[in-house]
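Enquirer: Let me give you the structure first, and then I'll get to my questions.
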Amino acid sequence: SQQGEEDPQALSIQEGENATMNCSYKTSINNLQWYRQNSGRGLVHLILIRSNEREKHSGRLRVTLDTSKKSSSLLITASRAADTASYFCATVTEGGNKLTFGTGTQLKVEL
Amino acid sequence: NAGVTQTPKFQVLKTGQSMTLQCAQDMNHEYMSWYRQDPGMGLRLIHYSVGAGITDQGEVPNGYNVSRSTTEDFPLRLLSAAPSQTSVYFCASSYRGGQGYEQYFGPGTRLTVT
Chain A
170 SQQGEEDPQA LSIQEGENAT MNCSYKTSIN NLQWYRQNSG RGLVHLILIR SNEREKHSGR
230 LRVTLDTSKK SSSLLITASR AADTASYFCA TVTEGGNKLT FGTGTQLKVE L
Chain B
124 NAGVTQTPKF QVLKTGQSMT LQCAQDMNHE YMSWYRQDPG MGLRLIHYSV GAGITDQGEV
184 PNGYNVSRST TEDFPLRLLS AAPSQTSVYF CASSYRGGQG YEQYFGPGTR LTVT
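Protein chains in written order, with this note's numbering: chain A, 170 to 280; chain B, 124 to 237.
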């Protein structure tokens, strides 16, 4: 069963706008990771946030984690057409070493 | 570094045939894993290995075998292919398990079983 569920399933925005994707999970985690997948390609790691962290930034990416709500969000600011991809959250449970992926959000950034 | 490499990129099998999907990494990573990706299902873990000689099952292991005789290689064997195994298969590696370490993914193998 999926540990993480992303919302929305699909998102279409204009270039320059911000994109926000959400991830909810079921059990306590050690860390949560976000990955990007361009069409027909493998996944690329974007950012990792640990259970004792609340917010992390990397370039135009901002990730928040609310362990009380078992949820995370990924914000992409000033989006570009090149950001068009599927975005997945993945969790590692406490004491575990397996990464469990959600079903992903398909982001389309239009010119 | 080549990173994580997978061969073949595409494969068509008939039901009942067997084959091995190859995965290799040149980053001296201890942890390697195999996922399958199906539409609307995200990635599901098939098998993983925390080091040479050590493997364990993931979420969907039935119909697949793995072995890890070297740090570099982690082949995935389909014993008797079934149409339900039509999918895109990704191999990944990391320095350790998911605990605080990013996974590096290969480009994938697209498998069709007829």
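All residues carry an ideal CB built from backbone N, CA and C; glycine is no exception. Note that this is a predicted model, so its numbers are computed, not measured.
If we count the other Cβ atoms within 10 Å of its Cβ and call it buried at 16 or more, is Gln-183/A buried or exposed?
Expert: It is exposed - the Cβ of Gln-183/A has fewer than 16 other Cβ atoms within 10 Å.
Enquirer: Ordered along the chain, which non-local residues of its own chain (more than five positions away) have a Cβ less than 7 Å from that of Pro-131/B?
Expert: Hits under 7 Å: Thr-232.
Enquirer: My understanding is that Leu-199/B touches Ile-169/B, with C-beta atoms under 8 Å, so please give their C-beta distance in whole angstroms.
Expert: Right, their Cβ atoms sit about 7 Å apart.
Enquirer: If you pair each beta-carbon of the stretch 209-219 of chain A with each one of the stretch 145-153 of chain B, do three or more pairs fall below 8 Å?
Expert: Segments in contact, no.
Enquirer: Who are the near neighbours of Tyr-227/B in its chain, counting only those whose CB is closer than 8 Å to its CB and skipping five residues on each side?
Expert: Gly-126, Val-127, Gln-148, Met-150, His-152, Ala-215, Ser-216 and Ser-217.
Enquirer: Report the partner residues of Ile-198/A according to the DSSP bridge assignment.
Expert: BP columns for Ile-198/A point to Thr-262/A.
Enquirer: Could you give the first and the last residue of the continuous beta strand (DSSP E) run that contains Ala-247/A?
Expert: Element bounds for Ala-247/A: n/a, residue is neither H nor E.
Enquirer: What residue from Lys-238/A, Glu-186/A, Cys-192/A and Arg-249/A has the CA that sits closest to Gly-273/A's CA?
Expert: Per the Cα distances, Cys-192/A.
Enquirer: Can you give the Cα-Cα distance for Arg-219/A and Leu-201/A, rounded to whole angstroms?
Expert: The alpha-carbon atoms of Arg-219/A and Leu-201/A are separated by roughly 6 Å.
Enquirer: Between Ser-181/A, Lys-239/A and Phe-270/A, which lies nearest to Glu-222/A when the distance is taken from Cα to Cα?
Expert: Checked all of Ser-181/A, Lys-239/A and Phe-270/A; the closest Cα to Glu-222/A is Lys-239/A.
Enquirer: Just curious, the beta strand (DSSP E) that Arg-159/B is in, first and last residue?
Expert: Element bounds for Arg-159/B: 154-161.
Enquirer: Where does Leu-136/B sit, in a helix, a strand or coil, going by DSSP?
Expert: In this structure, Leu-136/B counts as strand in the three-state DSSP scheme.
Enquirer: Which residues, taken in chain order from the stretch 261-273 of chain A, show a beta carbon closer than 8 Å to some beta carbon of chain B?
Expert: The residues in question are Val-261, Gly-265, Asn-266, Lys-267, Leu-268, Thr-269, Phe-270, Gly-271, Thr-272 and Gly-273.
Enquirer: Report the neighbours of Glu-153/B on chain A: residues whose CB is nearer than 7 Å to its CB, in chain order.
Expert: Those do not exist, as Glu-153/B stays about 10 Å from chain A at its closest Cβ, beyond 7 Å.
Enquirer: Which residues, in order along the stretch 157-183 of chain B, keep a beta-carbon less than 8 Å from a beta-carbon of chain A?
Expert: Going along the stretch 157-183 of chain B in chain order, one finds Tyr-158, Gly-163, Met-164, Gly-165, Leu-166, Arg-167, Leu-168, Tyr-171, Val-173, Gly-181 and Glu-182 with a Cβ nearer than 8 Å to chain A.
Enquirer: I'd like the list of long-range same chain contacts for Gln-134/B, defined as Cβ closer than 7 Å, with 5 residues on each side in sequence excluded.
Expert: Within the same chain, Gln-134/B has close Cβ partners Met-142, Thr-232 and Leu-234.
Enquirer: When DSSP builds the beta bridges, which residues end up paired with Arg-219/A?
Expert: BP columns for Arg-219/A point to Asn-200/A.
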